[in-house]
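Peer 1:
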Amino acid sequence: QTAALTGHDDAVLSVSFSYDGKLIATASSDRTARLWSAESGAQVQILRGHTRSVRSAVFSNTSARLLTASGDNTARVWDVA
Numbered sequence: 008q009t010a011a012l013t014g015h016d017d018a019v020l021s022v023s024f025s026y027d028g029k030l031i032a033t034a035s036s037d038r039t040a041r042l043w044s045a046e047s048g049a050q051v052q053i054l055r056g057h058t059r060s061v062r063s064a065v066f067s068n069t070s071a072r073l074l075t076a077s078g079d080n081t082a083r084v085w086d087v088a
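Quick note: the sequence shown uses our numbering, first residue 8, plus one each step.
1. Quick one: measure Cβ to Cβ for SER63 and ALA34, integer angstroms, because I've assumed they're closer than 8 Å.
2. Quick one: grab the DSSP three-state call for ALA64.
3. Given the structure, does SER25 come close to the ligand NAP, in the sense that its CB is under 8 Å from one of the ligand's heavy atoms?
4. What residues in its chain sit with their C-beta under 8 Å from that of ARG72, if we drop five residues either side in the sequence?
5. Please classify ARG83: does DSSP put it in a helix, a strand, or coil?
6. Roughly how many angstroms lie between the CA atoms of PHE24 and GLN50, to the nearest whole one?
7. For SER7 versus HIS15, is the C-beta distance shorter than 9 Å?
8. Throw me the rounded Cβ distance for the ARG38 and THR58 pair, which I believe falls under 8 Å.
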């Protein structure tokens, strides 16, 4: 293990690396997605807005956007560059 990404208040349901390798995205039952530095493991940003569990989080091929899908029947696009 090289890092533990701690901060979510409920289960982590999805994790993915950005295409450029700089960020990690996590999706959680706590209704947030979070961005982390892949190098240090430090939390970079909390993405709030979903009203139910965030089930997946995937980066665009340019790593500039993150797409999240939630149990609230929405998908959201976030600018993360």
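For every residue, glycine included, the Cβ atom is placed at its ideal position computed from N, Cα and C.
Peer 2: According to the data block:
1. 6 Å
2. strand
3. Absent from the structure shown: the ligand NAP. Ligands present: none.
4. PHE66, VAL84, TRP85, ASP86, VAL87 and ALA88
5. strand
6. 14 Å
7. Since the first residue shown for the chain is 8 and the last is 88, residue 7 is missing from the structure and cannot be characterised.
8. 7 Å
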